[in-house]
Every structure is written in C-alpha cells, then in structure tokens.
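Read the structure below first, then the notes.
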Amino acid sequence: MTTDAIFPTIGAVATQTEVSDGGDENVVQEVESLCMKCGKQGTTRLLLTSIPFFREVIVMSFRCEHCGTTNNEIQSASTIRPEGTLYVVKILARSDLNRQIIRSSSCEIIVPELELTLPRTERGQLTTVEGLLRDIVADLSLDQPLRRIQDEDGYHKIQTLIDKMREILGDDKDEEFQAETAAGKESLPMPAFTVKLDDPAGNSFIEFIGSMADPKWNLRTYPRTLQQNIALGLVAADETTEEEATKTTENQEITNDEILIFPGVCSSCGHALQTLMKRVNIPYFKDILIMSTNCDNCGYRDNEVKSGSAISDKGKRITLKVEDREDLSRDILKSETAGMTIPEIDLVLKHGTLGGRFTTLEGILDQVYEELSEKVFASGDSSIIEDRNAFEKFLTGLKAIKAVERPFTIILDDPLANSYIQSLYAPDPDPNMTTETYERTFEQNEELGLNDIKVEGYEEDAKHNQEEPVIKDQ
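The sequence shown begins at 798 in the numbering used here and counts up by one.
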C-alpha cells in the first residue's frame, strides 16, 4: 500500500465526494455563513474525515462569492487526549517536504536549526512541511521593505532566516535545476533540519512514511503540567497566590514525604525558576533523590536522579531478557555512572550517557532514540552523511526493539550499584533477570574519585599535618 493511499490529500477526498443532500453519509456539508468582511452570506463547506493512525478531524472551508474572501480551518472531532504529544521528524530530502501536517490551535512548532518557534494560533491548520515554510516566508517577507527603513538590523536578521528557508525550498536554484526537478530527475541535496510539533492537547499530527517504524519520525507522549491544563481550560486556576503558598510552607515542618522547592536561574535563558526535589524509597532497593527543573519562560527541562544512600562496596550488573510489551512498563533507574548495552542491535552507551534517569524501560528507549537521532541527523560531517542509510537502518532496528517485535537483552552495568530494574516477581527471583555484583577495578575507583577518599583516621592525619614544622626558604 502506498503512502498516498494511507494519507490521501483532503483535496482528493473532497473531489471524490459529493455535496450532502441531507443524508447520513460521511460527505461534504454546505451551510450558509456570514462573511465578516462584506457582511453578506458566504458558504462554509464541512468535511468529516479520518486520518489513519491518528483520529477524526473536521475540515472547514469558507468562501464568499461577493468579495472573494476565503478561509480554511481544521478542528479535532475527538476528545482531548489524556497526555500531550511531541512529534519529531528529520527532514533530510526534498521528498520529506511533502509530509502532511495537522496543527491544532494549541500546537507549538519548533525548527531548532533555524532557531524558529511558531507559537499557538487561533485556529487549526492543515498543510505540508513545504506549505508551512512557504507561509512563514510569505508572512516574514510582507513587511521587509518597511522594516529595511525602520529597523535595518532586524531586516538583515529576518532576511537571513528567509534565505535559509528559500534554500531549503529550492527557490534560490537556477532555472536549469528547477527544470530537472520538474522533469523528475534527482534533486540536489538540501540542508537537513528538524520539525517538532509540541501539542499539550495531543490533537496535532505529522505524517510518517511507510509505517510508524519510519526512522526519521518519532512520537513521544508526556503528562501535561498544571499550567498547560489551565491554558487548555481543563483545570481552574488556583486562587492561592504564590506568596501565600510560600508562607504556608515556611510555617510547616518539612518531612521526607514533601516536595522541596529550591529557587534558581535557568541555564538556557537566565530567567528565575524553581527546582523540585523529592526523596523516594524504591522497594527492595534504596532511597533516591529525584530533582526536576522546568522553565516556564523558554521551556527548558532537566531531570536528574541521585542516590540517597552510601557508596556501595561493589559494582552491580543487571541483565534483563525482554520478551513482550509488558516488560516495557518495568521501572528502571539508571544512575549517571551506569552504562547500558543492547547486544542485539550493537547499542553500547558508556558510563555517564543520558545522566541519571528514573523512568520506564520504554521511556529510556525513547530517550536513547531521541538523543541519537538528534546528534547524528543534525551533524553535517561528510562521513556521517555517507553512512546515513546505515544509521537509518540502525534506528529502524531500535524502533523494532522499542515495539518488542523480537526479544532482546538489556544490560545495565553500574560500578556504584546505584541502578535498578524493577522485578515483577519481587521478593522472589525474576526468571528473566539476573543480578551480579563484582569488585571494582583500580581504574574504575580512580575514575570515580574513590581512591583518594579516606573516611577513617583522617583526624590523625590532620593533627599530624598541623604539628609538622614548616620550613621556609631563606
């Protein structure tokens, strides 16, 4: 089945669909609507269609025959999802510019390579990646002549952004190149970039190629914050002011069950933010400290996990055989000193990669995919570009592992024994998981700074250093 068969264009659907005469069939509905420009009656056409692997949407198109005003909008025909969605797509070839985009009014679009962020809009939009870029170019170019006179510095910055997008679209190519492209010949390379759709309501979508195993396409869901629920109208704003909440916290005794709040400064934008810390006891393991930092100004996020116990005498190696999707829901604590290996796809993450994470097995595989795809696809190194097909094949294998299309093994090696994988049979042994302890080598202790730590007898050494006479040079 071709991609066009899975994702037909709305224009093709509308062409093959007759206008409704009052029946119950899923066809185009026509209703008279007031034109807000001339005050006369125009026509609004409504089409209810279903996007495969997404949901049902309503496409609305308004046209006034009197003044020529047109307007297009798209809305979700389903309920708001319980979680937000983040789509990340790597645009590596001009064929990727044809991917369809459904953008809801609550969606924010980010193009990191262009340092471009499109905030939420008043209405939904149905377009393609190319159409989105062309709309941006048209909007930015509209006031350029005036901007060149009033704000020359701003003019040059915006013109640089416009030129980058025109290079992606191929508008700056010569006529010979455009003729070859129109004739169906292989197009010249274009700058690679990333498109991110962040929608707290989960009503946005970007097309994948072939199947959801598309290595250039990735979907991640996340729980909405209180501010996002308030913005969507799902939760009423708290009437308690921040000052009153602070006074209440100061007057209460802080226990281990409470969340501690530390003020700080965002390392990305410099604005004030708060870091939340919570002490958590993992059954059959130990206490840990979870710290979360979110910046409401620029969206920067950082999560970190620290051990709340003493340093272990030995290292630990955990080996888990994953056989079905139920194993993906296991909790996993990967400390910042742990390395992770999946032999079936030759994936080896050295100690310190990804930092400390407390999530599920599915969550950490998603993070590995995002980190690898971000760094490799965004790189301009020629050797990496030459091996891009091989790396796309590797990412396809990683997606197959994430979907548990075949059994695989995950090995977590932590010299400080601060990592953990949930046992589904605790306190009894888990038949799919083995845990072994080992003595750390001198090199591992040296790397961790343990060889220079002395926790016993240091008082005598300090006293001896104070009594030892100091000889000064004459």
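All residues carry an ideal CB built from backbone N, CA and C; glycine is no exception.
Given the structure is predicted, the values throughout are model-derived calculations rather than measurements.
Handout entry: Residue range of the alpha helix (DSSP H) that includes Gly928
Key = 926-939
Exercise for the section: Have a look at Leu1209 and Val1145 and give me their C-alpha separation to the nearest angstrom. Expected result: 10 Å
Exercise for the section: Give a yes or no on contact between the region 1226-1233 and the region 1108-1115, applying the rule of three or more CB pairs nearer than 8 Å. Expected result: yes
Practice task
Could you work out which residue in Asp950, Asp936, Asp948, Ala989 is closest to Gly967 when comparing CA atoms only?
Solution key: Ala989
Problem - Beta carbon of Leu915 nearer than 8 Å to that of Ile906 - result: yes
Exercise for the section: Confirm, please, whether the CB-CB distance from Ile1198 to Leu1151 is below 8 Å. Expected result: no
Practice task
Less than 8 Å between the CB atoms is what I'm expecting for Gly921 and Ser901, so what's the real figure, rounded?
Solution key: 5 Å
Practice task
Starting from the Cα of Ala890, find the closest Cα among Met987, Thr882, Gly881, Lys1196 and give me that residue.
Solution key: Met987
Handout entry: Start-to-end residues for the alpha helix (DSSP H) that takes in Gln1219
Key = Note, Gln1219: premise wrong, no alpha helix (DSSP H); not H, not E.
Problem - Start and end residues, beta strand (DSSP E) containing Arg1098 - result: 1098-1104
Practice task
State yes or no: is the C-beta of Glu1004 nearer than 7 Å to some heavy atom of the ligand ADP?
Solution key: This structure lacks the ligand ADP; in fact it carries no ligand of any kind.
Exercise for the section: Spell out a yes or no on whether the region 1093-1105 and the region 1062-1075 are touching, meaning 3 or more CB-CB pairs, one atom from each, closer than 8 Å. Expected result: yes
Handout entry: Cβ contact check for the region 862-869 and the region 935-949: 3 or more pairs under 8 Å
Key = no
Handout entry: Cut-off 8 Å between Cβ atoms - residues of its own chain near Tyr1222, not counting five sequence neighbours on either side
Key = Pro1228
Exercise for the section: Measure how close the beta-carbons of Lys1196 and Pro1060 come, nearest whole angstrom, since I'm counting them as under 8 Å. Expected result: About 40 Å; that fails the 8 Å criterion.
Problem - Touch test, the region 1121-1139 against the region 1213-1220, Cβ-Cβ under 8 Å, three pairs minimum - result: yes
Practice task
For Cys904, I'd like the list of residues in its chain whose CB is within less than 6 Å of its CB, leaving aside the five on either flank, ordered along the chain.
Solution key: Leu994, Asp996, Ser1001
Exercise for the section: Please report how far the alpha carbon of Arg931 lies from the alpha carbon of Leu844, in whole angstroms. Expected result: 25 Å
Exercise for the section: Confirm, please, whether the CB-CB distance from Asp1128 to Gln1219 is below 8 Å. Expected result: yes
Problem - Inside the region 1104-1180 only - beta strand (DSSP E) runs reaching at least 3 residues - result: 1112-1119, 1128-1131, 1136-1139, 1144-1146, 1154-1157
Handout entry: Nearest-angstrom Cα separation, counted from Ile1056 out to Arg1076
Key = 8 Å
Practice task
My understanding is that Leu1125 touches Thr1157, with C-beta atoms under 8 Å, so please give their C-beta distance in whole angstroms.
Solution key: 7 Å
Exercise for the section: Please name the residue or residues paired with Asn1289 in a DSSP beta bridge. Expected result: Given that the chain is displayed from residue 798 to residue 1271, the structure contains no residue 1289 and the question cannot be resolved.
Handout entry: C-alpha gap between Asn1248 and Asp1121, whole angstroms
Key = 42 Å
Exercise for the section: Put Ile955 into one of helix, strand or coil per three-state DSSP. Expected result: helix
Problem - Rounded C-alpha distance that separates Gly1153 from Ile1085 - result: 11 Å
Handout entry: Alpha-carbon spacing of Leu883 relative to Thr1022, whole angstroms
Key = 14 Å
Problem - Ala994, enclosing beta strand (DSSP E) - first and last residue - result: Note that residue 994 corresponds to Leu in the displayed sequence, not to Ala. Element bounds for Leu994: 990-996.
Handout entry: Rounded separation between Arg917 and Glu870 - CA only
Key = 14 Å
Problem - Close-in-space but distant-in-sequence residues of the same chain around Gly951 (CB under 7 Å, 5 per side omitted) - result: Arg944
Exercise for the section: Counting only the same chain and skipping the five closest in sequence on each side, list residues whose C-beta sits under 6 Å from that of Phe1191. Expected result: none
Practice task
Would you tell me roughly how many angstroms separate the C-alpha atoms of Glu1168 and Gly1149, rounded to the nearest one?
Solution key: 13 Å
Handout entry: C-alpha distance - Phe1005 paired with Leu913, whole-angstrom precision
Key = 22 Å
Problem - Distance CB(Thr840)-CB(Glu853) smaller than 8 Å - result: no
Exercise for the section: Helix, strand or coil for Glu1050, going by three-state DSSP, please let me know. Expected result: Residue confidence for Glu1050 is low, a pLDDT of 43 falling below 50, so the modelled location carries little weight; the figure read from the coordinates is stated next. Of the three classes helix, strand and coil, the one that applies to Glu1050 here is coil, per DSSP.
Exercise for the section: Could you check the C-alpha separation between Thr846 and Thr1090 for me, to the nearest Å? Expected result: 40 Å
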